[in-house]
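Participant: Handing you this structure, nothing more for now.
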Amino acid sequence: MELDKLTDNVLETLWRWATTPWLQIGETDLHLARLVGLGLILFFAWWFSSLLEHGLHNVAARGKGIHMNSSGMYALTRIIRYAVWIIGTLVGLRYLGLDLTNIALVGGAIGVGIGLGLQNIFSNFISGLILLLEKTLKVGDFVDLQSGVMGRVTEIGMRYTRITTNDLVDIIVPNSEFVNGRVTNWSFDEKYRRIHVPFGVAYGSDKHRVKAAVLKSVEDVPGCITSLPGRQPDVWLTRFGDSSLEFELVVWVEHDLMVSPGATHARFLWAIEDQLRAAEVEIPFPQRDLHLRSGSLRLDLGDGQRLQVSGDAPRKGEDPHR
(Lines of atoms letter the chains of each structure in order from A; the text may use other names.)
(Lines give C-alpha, C1' and ligand atoms only; values in the text may rest on other atoms or scores of the structure.)
Protein backbone atom coordinates (compact mmCIF):
# COMPACT_ATOMS: atom_id res chain seq x y z
CA MET A 1 0.00 0.00 0.00
CA GLU A 2 2.79 2.38 0.90
CA LEU A 3 4.54 1.62 -2.43
CA ASP A 4 1.35 2.31 -4.37
CA LYS A 5 0.83 5.52 -2.45
CA LEU A 6 4.42 6.58 -3.15
CA THR A 7 4.00 5.83 -6.85
CA ASP A 8 0.80 7.87 -6.97
CA ASN A 9 2.53 10.76 -5.26
CA VAL A 10 5.42 10.67 -7.74
CA LEU A 11 3.08 10.57 -10.71
CA GLU A 12 0.98 13.37 -9.28
CA THR A 13 4.09 15.47 -8.72
CA LEU A 14 5.34 14.84 -12.27
CA TRP A 15 1.94 15.68 -13.74
CA ARG A 16 1.74 18.86 -11.69
CA TRP A 17 5.23 19.82 -12.86
CA ALA A 18 4.40 19.03 -16.49
CA THR A 19 1.19 21.08 -16.37
CA THR A 20 2.65 24.07 -14.59
CA PRO A 21 1.95 27.03 -16.93
CA TRP A 22 4.94 28.82 -18.45
CA LEU A 23 2.92 31.49 -20.21
CA GLN A 24 -0.58 32.04 -21.55
CA ILE A 25 -1.62 32.22 -25.21
CA GLY A 26 -5.09 33.70 -25.39
CA GLU A 27 -7.04 31.61 -22.90
CA THR A 28 -4.74 28.59 -23.16
CA ASP A 29 -1.92 27.85 -20.73
CA LEU A 30 1.34 26.80 -22.37
CA HIS A 31 3.18 24.07 -20.47
CA LEU A 32 5.33 21.00 -21.09
CA ALA A 33 2.45 18.55 -21.49
CA ARG A 34 0.86 20.75 -24.14
CA LEU A 35 4.16 20.94 -26.06
CA VAL A 36 4.45 17.14 -25.92
CA GLY A 37 0.91 16.92 -27.28
CA LEU A 38 1.87 19.28 -30.10
CA GLY A 39 4.84 17.07 -30.95
CA LEU A 40 2.61 13.97 -31.03
CA ILE A 41 0.13 15.71 -33.34
CA LEU A 42 2.89 16.75 -35.76
CA PHE A 43 4.45 13.27 -35.65
CA PHE A 44 1.07 11.66 -36.37
CA ALA A 45 0.49 14.04 -39.30
CA TRP A 46 3.92 13.17 -40.74
CA TRP A 47 3.39 9.42 -40.21
CA PHE A 48 -0.14 9.41 -41.62
CA SER A 49 0.86 11.45 -44.69
CA SER A 50 3.70 9.00 -45.48
CA LEU A 51 1.39 6.02 -44.95
CA LEU A 52 -1.27 7.58 -47.19
CA GLU A 53 1.28 8.36 -49.92
CA HIS A 54 2.65 4.80 -49.98
CA GLY A 55 -0.87 3.37 -49.88
CA LEU A 56 -1.98 5.37 -52.92
CA HIS A 57 1.16 4.31 -54.79
CA ASN A 58 0.43 0.67 -54.02
CA VAL A 59 -3.20 0.97 -55.10
CA ALA A 60 -2.18 2.67 -58.36
CA ALA A 61 0.46 -0.01 -58.99
CA ARG A 62 -2.20 -2.72 -58.72
CA GLY A 63 -4.53 -0.74 -61.00
CA LYS A 64 -7.50 -0.97 -58.63
CA GLY A 65 -9.81 1.93 -59.41
CA ILE A 66 -7.07 4.48 -60.13
CA HIS A 67 -5.92 4.92 -63.72
CA MET A 68 -3.12 7.47 -63.86
CA ASN A 69 0.43 7.52 -65.17
CA SER A 70 3.33 7.38 -62.73
CA SER A 71 4.21 11.08 -62.95
CA GLY A 72 0.61 12.17 -62.38
CA MET A 73 0.28 9.81 -59.41
CA TYR A 74 3.55 11.13 -57.95
CA ALA A 75 2.30 14.73 -58.20
CA LEU A 76 -1.08 13.83 -56.67
CA THR A 77 0.38 11.93 -53.71
CA ARG A 78 2.94 14.66 -53.00
CA ILE A 79 0.23 17.34 -52.94
CA ILE A 80 -1.92 15.18 -50.63
CA ARG A 81 1.09 14.66 -48.36
CA TYR A 82 1.75 18.40 -48.14
CA ALA A 83 -1.95 19.03 -47.46
CA VAL A 84 -1.93 16.55 -44.55
CA TRP A 85 1.20 18.23 -43.18
CA ILE A 86 -0.44 21.66 -43.34
CA ILE A 87 -3.69 20.44 -41.75
CA GLY A 88 -1.75 18.67 -38.98
CA THR A 89 0.28 21.82 -38.33
CA LEU A 90 -2.88 23.95 -38.13
CA VAL A 91 -4.49 21.47 -35.73
CA GLY A 92 -1.34 21.50 -33.60
CA LEU A 93 -1.25 25.30 -33.49
CA ARG A 94 -4.94 25.36 -32.62
CA TYR A 95 -4.27 22.88 -29.81
CA LEU A 96 -1.50 25.17 -28.63
CA GLY A 97 -4.03 27.97 -28.24
CA LEU A 98 -3.40 30.10 -31.33
CA ASP A 99 -6.56 31.64 -32.80
CA LEU A 100 -6.15 30.83 -36.49
CA THR A 101 -9.15 32.96 -37.40
CA ASN A 102 -6.99 36.00 -36.77
CA ILE A 103 -5.57 36.30 -40.27
CA ALA A 104 -3.54 39.35 -39.37
CA LEU A 105 -1.68 37.38 -36.67
CA VAL A 106 -0.94 34.47 -39.00
CA GLY A 107 0.09 36.78 -41.83
CA GLY A 108 2.29 38.77 -39.49
CA ALA A 109 3.99 35.59 -38.24
CA ILE A 110 4.62 34.43 -41.79
CA GLY A 111 5.95 37.86 -42.73
CA VAL A 112 8.31 37.88 -39.75
CA GLY A 113 9.51 34.37 -40.59
CA ILE A 114 10.21 35.29 -44.20
CA GLY A 115 11.91 38.48 -43.09
CA LEU A 116 14.19 36.53 -40.73
CA GLY A 117 15.73 34.52 -43.54
CA LEU A 118 13.11 32.00 -44.69
CA GLN A 119 12.75 33.57 -48.13
CA ASN A 120 14.62 30.77 -49.91
CA ILE A 121 12.79 27.99 -48.09
CA PHE A 122 9.40 29.58 -48.79
CA SER A 123 10.34 30.24 -52.43
CA ASN A 124 11.52 26.66 -52.96
CA PHE A 125 8.36 25.26 -51.38
CA ILE A 126 6.08 27.34 -53.61
CA SER A 127 8.24 26.46 -56.65
CA GLY A 128 7.88 22.76 -55.81
CA LEU A 129 4.08 23.11 -55.71
CA ILE A 130 4.14 24.92 -59.07
CA LEU A 131 6.20 22.11 -60.63
CA LEU A 132 3.82 19.46 -59.29
CA LEU A 133 0.67 21.30 -60.40
CA GLU A 134 1.88 22.44 -63.83
CA LYS A 135 3.64 19.12 -64.58
CA THR A 136 6.31 20.95 -66.56
CA LEU A 137 8.76 18.72 -64.71
CA LYS A 138 7.98 15.10 -63.89
CA VAL A 139 9.81 12.24 -62.23
CA GLY A 140 11.63 10.36 -64.99
CA ASP A 141 12.22 13.40 -67.24
CA PHE A 142 15.74 13.96 -68.58
CA VAL A 143 16.69 17.61 -68.14
CA ASP A 144 19.57 19.96 -68.89
CA LEU A 145 19.75 22.98 -66.56
CA GLN A 146 21.22 26.40 -67.26
CA SER A 147 23.81 25.71 -64.55
CA GLY A 148 25.15 22.74 -66.54
CA VAL A 149 23.49 19.97 -64.51
CA MET A 150 22.20 17.16 -66.74
CA GLY A 151 20.39 14.02 -65.66
CA ARG A 152 17.14 12.27 -64.80
CA VAL A 153 14.62 13.67 -62.30
CA THR A 154 14.26 11.10 -59.52
CA GLU A 155 12.49 13.11 -56.81
CA ILE A 156 10.62 16.40 -56.45
CA GLY A 157 10.75 17.27 -52.77
CA MET A 158 9.35 20.10 -50.70
CA ARG A 159 12.55 22.16 -50.96
CA TYR A 160 14.68 20.52 -53.65
CA THR A 161 14.61 18.33 -56.73
CA ARG A 162 17.03 15.39 -56.96
CA ILE A 163 18.75 14.94 -60.32
CA THR A 164 20.58 11.66 -60.96
CA THR A 165 23.22 11.76 -63.68
CA ASN A 166 24.08 8.85 -65.96
CA ASP A 167 27.08 8.21 -63.69
CA LEU A 168 24.60 7.68 -60.78
CA VAL A 169 25.63 10.91 -59.08
CA ASP A 170 22.76 12.56 -57.18
CA ILE A 171 22.66 16.36 -57.44
CA ILE A 172 20.36 18.35 -55.15
CA VAL A 173 18.91 21.36 -57.01
CA PRO A 174 16.68 23.99 -55.33
CA ASN A 175 13.17 24.03 -56.78
CA SER A 176 13.35 27.75 -57.52
CA GLU A 177 16.08 27.11 -60.12
CA PHE A 178 13.56 25.24 -62.27
CA VAL A 179 11.06 28.12 -62.08
CA ASN A 180 13.45 31.07 -62.45
CA GLY A 181 16.09 29.57 -64.78
CA ARG A 182 16.16 28.00 -68.23
CA VAL A 183 15.46 24.26 -68.24
CA THR A 184 15.77 22.02 -71.29
CA ASN A 185 13.44 19.05 -70.84
CA TRP A 186 14.44 16.40 -73.37
CA SER A 187 11.44 14.18 -72.66
CA PHE A 188 8.70 16.67 -71.77
CA ASP A 189 6.02 15.64 -74.28
CA GLU A 190 7.90 13.66 -76.93
CA LYS A 191 9.10 10.06 -77.11
CA TYR A 192 11.77 10.70 -79.74
CA ARG A 193 14.61 13.17 -80.22
CA ARG A 194 16.85 14.07 -83.15
CA ILE A 195 20.59 14.04 -82.56
CA HIS A 196 23.52 15.20 -84.72
CA VAL A 197 26.73 13.16 -84.97
CA PRO A 198 29.54 15.08 -86.76
CA PHE A 199 32.37 13.27 -88.59
CA GLY A 200 34.85 13.99 -91.39
CA VAL A 201 36.32 12.17 -94.40
CA ALA A 202 39.26 12.89 -96.67
CA TYR A 203 38.93 15.24 -99.64
CA GLY A 204 38.31 13.29 -102.83
CA SER A 205 36.04 10.72 -101.16
CA ASP A 206 32.85 9.76 -102.97
CA LYS A 207 30.06 11.63 -101.17
CA HIS A 208 27.42 9.11 -102.21
CA ARG A 209 29.49 6.19 -100.92
CA VAL A 210 30.00 8.05 -97.64
CA LYS A 211 26.27 8.64 -97.27
CA ALA A 212 25.38 5.02 -98.04
CA ALA A 213 27.96 3.71 -95.56
CA VAL A 214 26.87 6.02 -92.73
CA LEU A 215 23.17 5.29 -93.26
CA LYS A 216 24.04 1.60 -93.07
CA SER A 217 25.75 2.23 -89.73
CA VAL A 218 22.40 3.34 -88.28
CA GLU A 219 21.23 -0.27 -88.56
CA ASP A 220 23.99 -1.30 -86.16
CA VAL A 221 22.60 0.88 -83.32
CA PRO A 222 19.32 -0.44 -81.83
CA GLY A 223 16.76 2.21 -80.91
CA CYS A 224 16.96 4.38 -84.05
CA ILE A 225 13.85 5.58 -85.87
CA THR A 226 14.10 4.65 -89.54
CA SER A 227 10.54 4.10 -90.81
CA LEU A 228 8.39 6.96 -89.48
CA PRO A 229 7.48 9.50 -92.20
CA GLY A 230 9.55 12.66 -91.91
CA ARG A 231 11.91 11.09 -89.37
CA GLN A 232 14.21 9.00 -91.51
CA PRO A 233 17.97 9.33 -90.88
CA ASP A 234 19.98 11.55 -93.22
CA VAL A 235 23.59 12.61 -93.87
CA TRP A 236 24.40 16.29 -94.40
CA LEU A 237 27.53 17.83 -95.88
CA THR A 238 27.99 20.77 -93.50
CA ARG A 239 31.40 22.32 -94.14
CA PHE A 240 34.64 22.24 -96.12
CA GLY A 241 37.15 21.83 -93.30
CA ASP A 242 40.90 22.46 -93.26
CA SER A 243 41.74 18.79 -93.73
CA SER A 244 38.44 17.04 -94.44
CA LEU A 245 34.90 17.19 -95.71
CA GLU A 246 32.70 17.74 -92.65
CA PHE A 247 29.48 15.68 -92.47
CA GLU A 248 26.74 15.16 -89.90
CA LEU A 249 24.61 12.09 -89.33
CA VAL A 250 21.11 13.32 -88.40
CA VAL A 251 19.02 10.57 -86.82
CA TRP A 252 15.95 10.25 -84.60
CA VAL A 253 16.35 8.02 -81.54
CA GLU A 254 14.07 6.47 -78.95
CA HIS A 255 13.92 7.30 -75.24
CA ASP A 256 16.67 4.95 -74.06
CA LEU A 257 19.21 6.50 -76.44
CA MET A 258 17.85 9.99 -75.81
CA VAL A 259 18.61 9.96 -72.08
CA SER A 260 22.23 8.78 -72.49
CA PRO A 261 23.69 11.31 -74.96
CA GLY A 262 27.36 10.53 -74.31
CA ALA A 263 27.02 6.77 -74.75
CA THR A 264 24.73 7.23 -77.78
CA HIS A 265 27.23 9.54 -79.50
CA ALA A 266 30.01 6.99 -78.88
CA ARG A 267 27.92 4.14 -80.31
CA PHE A 268 27.24 6.02 -83.52
CA LEU A 269 30.89 6.99 -83.98
CA TRP A 270 31.91 3.35 -83.46
CA ALA A 271 29.41 2.12 -86.06
CA ILE A 272 30.31 4.94 -88.52
CA GLU A 273 34.02 4.09 -88.34
CA ASP A 274 33.29 0.40 -88.99
CA GLN A 275 31.19 1.14 -92.07
CA LEU A 276 33.59 3.75 -93.49
CA ARG A 277 36.47 1.31 -93.10
CA ALA A 278 34.45 -1.40 -94.85
CA ALA A 279 33.63 1.02 -97.68
CA GLU A 280 37.34 2.00 -97.94
CA VAL A 281 36.59 5.64 -97.18
CA GLU A 282 39.56 7.41 -95.64
CA ILE A 283 39.26 9.30 -92.37
CA PRO A 284 42.02 11.92 -92.73
CA PHE A 285 44.78 13.10 -90.46
CA PRO A 286 45.21 16.84 -90.01
CA GLN A 287 47.30 18.33 -92.85
CA ARG A 288 49.71 21.21 -92.38
CA ASP A 289 52.17 23.05 -94.68
CA LEU A 290 55.69 23.34 -93.24
CA HIS A 291 57.85 26.30 -94.32
CA LEU A 292 61.54 25.86 -93.41
CA ARG A 293 63.31 29.22 -93.25
CA SER A 294 66.71 28.23 -91.86
CA GLY A 295 68.63 25.15 -90.84
CA SER A 296 68.00 21.67 -92.21
CA LEU A 297 65.49 18.87 -91.72
CA ARG A 298 66.15 15.17 -92.36
CA LEU A 299 63.15 13.02 -93.28
CA ASP A 300 63.11 9.22 -93.15
CA LEU A 301 60.95 8.01 -96.09
CA GLY A 302 61.28 4.32 -95.27
CA ASP A 303 63.06 1.52 -97.16
CA GLY A 304 66.37 3.18 -96.33
CA GLN A 305 65.48 6.36 -98.24
CA ARG A 306 66.18 9.68 -96.60
CA LEU A 307 65.49 13.22 -97.66
CA GLN A 308 67.29 16.26 -96.32
CA VAL A 309 65.64 19.66 -96.71
CA SER A 310 67.48 22.87 -95.92
CA GLY A 311 66.26 26.43 -95.72
CA ASP A 312 67.95 29.80 -95.65
CA ALA A 313 66.77 32.77 -93.65
CA PRO A 314 65.94 35.74 -95.92
CA ARG A 315 68.56 38.48 -96.14
CA LYS A 316 67.82 41.97 -94.87
CA GLY A 317 65.53 43.73 -97.32
CA GLU A 318 64.77 40.53 -99.25
CA ASP A 319 61.20 39.43 -99.85
CA PRO A 320 60.75 36.23 -97.74
CA HIS A 321 57.93 35.01 -100.05
CA ARG A 322 59.96 35.25 -103.28
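Last residue of the sequence shown? That's 322 in the UniProt record's numbering, and every number before it is there in order.
Glycine residues also receive a C-beta, built at the ideal position from the N, C-alpha and C atoms.
For residue 321, count the other beta carbons within 10 Å of its own beta carbon; 16 or more makes it buried, fewer makes it exposed. Which is it?
Facilitator: For residue 321, the pLDDT reaches just 48, beneath the cut-off of 50, and the residue's location in the model is therefore unreliable, leaving the point undetermined.
Participant: Could you name each continuous alpha helix (DSSP H) segment of 4 residues or more that falls completely within the stretch 205-244, going from the start of the chain to the end?
Facilitator: Here the runs fully enclosed are 207-217.
Participant: Indicate whether the contact test is met: 3 or more Cβ pairs, each with one atom in the stretch 160-177 and one in the stretch 228-239, closer than 8 Å.
Facilitator: In short, these stretches do not touch, since the Cβ pair count stays below three.
Participant: What number of angstroms, rounded off, separates the C-alpha of residue 178 from the C-alpha of residue 277?
Facilitator: Using only the alpha carbons, I get a separation of about 45 Å.
Participant: Output the boundary residues of the alpha helix (DSSP H) element that contains residue 140.
Facilitator: Counting along the chain, residue 140 falls outside any alpha helix (DSSP H), and DSSP gives it neither H nor E.
Participant: Jot down the residue ranges of each uninterrupted alpha helix (DSSP H) in the UniProt domain "Mechanosensitive ion channel MscS" (120-187), minimum 4 residues, whole runs only, in chain order.
Facilitator: Entirely contained in the UniProt domain "Mechanosensitive ion channel MscS" (120-187), the alpha helix (DSSP H) runs reaching 4 residues are, in chain order, 175-180.
Participant: Measuring straight from C-alpha to C-alpha, what distance separates residue 254 and residue 124?
Facilitator: Their backbone Cα atoms lie some 33 Å apart in a straight line.
Participant: Quick one: grab the DSSP three-state call for residue 300.
Facilitator: It is a strand residue.
Participant: Do you know offhand how far residue 35's Cα is from residue 155's?
Facilitator: Cα-Cα distance, rounded: 33 Å.
Participant: Is there contact between the stretch 168-184 and the stretch 208-219, where contact requires at least three CB pairs shorter than 8 Å?
Facilitator: Touching, no.
Participant: Rounded to whole angstroms, what is the Cα-Cα separation between residue 200 and residue 269?
Facilitator: Roughly 11 Å between the two C-alpha positions.
Participant: How is residue 198 classed by DSSP in three states: helix, strand or coil?
Facilitator: Residue 198 falls in the strand class under three-state DSSP.
Participant: Does DSSP put residue 43 in a helix, a strand or coil?
Facilitator: Three-state DSSP puts residue 43 in a helix.
Participant: Which residue or residues does DSSP assign as beta-bridge partners of residue 250?
Facilitator: The partner list for residue 250 (beta bridge, DSSP) reads 196, 234.
Participant: Below 7 Å CB to CB, which residues in the same chain sit around residue 132 once its five sequence neighbours on both sides are set aside?
Facilitator: So the list reads 75, 78, 79, 156, once near-sequence residues are dropped.
Participant: Measure the C-alpha to C-alpha separation of residue 184 and residue 305 and round it to an integer number of angstroms.
Facilitator: Each residue's Cα considered, the two are about 59 Å apart.
Participant: Of the choices 129, 96, 187, whose alpha-carbon is the least far from that of residue 144?
Facilitator: For residue 144, the nearest C-alpha among the options comes from 187.
Participant: Looking at the structure shown, is residue 318 part of a helix, part of a strand, or coil, going by DSSP?
Facilitator: Any reading at residue 318 needs caution, since the residue's pLDDT is 48, under 50, leaving its predicted position unreliable; the model's value is listed next. Looking at residue 318 - three-state DSSP - the assignment turns out to be coil, as it is neither helix nor strand.
Participant: Measuring alpha carbon to alpha carbon, tell me which of 222, 17, 41, 256 ends up nearest residue 31.
Facilitator: Minimum Cα distance to residue 31 is reached at 17.
Participant: Given a threshold of 16 other Cβ atoms within 10 Å of its Cβ, counted over all protein chains shown, does residue 207 qualify as buried or as exposed?
Facilitator: Classification of residue 207: exposed, given that the 10 Å Cβ count is below 16.
Participant: Rounded C-beta distance between residue 38 and residue 95? I'm assuming under 8 Å.
Facilitator: Going by Cβ atoms, the distance from residue 38 to residue 95 rounds to 6 Å, so yes, they are a contact pair.
Participant: Report the residue from 172, 281, 46, 230 whose alpha carbon sits nearest the alpha carbon of residue 192.
Facilitator: For residue 192, the nearest C-alpha among the options comes from 230.
Participant: Could you compute how far the alpha carbon of residue 7 sits from the alpha carbon of residue 19?
Facilitator: Distance between the alpha carbons of residue 7 and residue 19: 18 Å.
Participant: Going by other Cβ atoms of all chains shown within 10 Å of its Cβ, with 16 needed for buried, is residue 272 buried or exposed?
Facilitator: Under this definition residue 272 is a buried residue.
Participant: Just tell me which of 87, 12, 73, 55 has its CA closest to the CA of residue 43.
Facilitator: Closest option to residue 43, Cα to Cα, is 87.
Participant: According to DSSP, is residue 273 helix, strand or coil?
Facilitator: It is helical.
Participant: Could you tell me the alpha carbon to alpha carbon distance between residue 313 and residue 204, rounded to whole angstroms?
Facilitator: Because residue 313 sits at a pLDDT of 48, beneath the cut-off of 50, its placement in the model cannot be relied upon, and the point is left open.
Participant: My output table needs one value for residue 59: the three-state DSSP class, helix, strand or coil.
Facilitator: Reduced to three states, the DSSP call for residue 59 is helix.
Participant: According to the neighbour-count rule (16 or more other Cβ atoms, all chains shown, within 10 Å of its Cβ), is residue 40 buried or exposed?
Facilitator: Under this definition residue 40 is an exposed residue.
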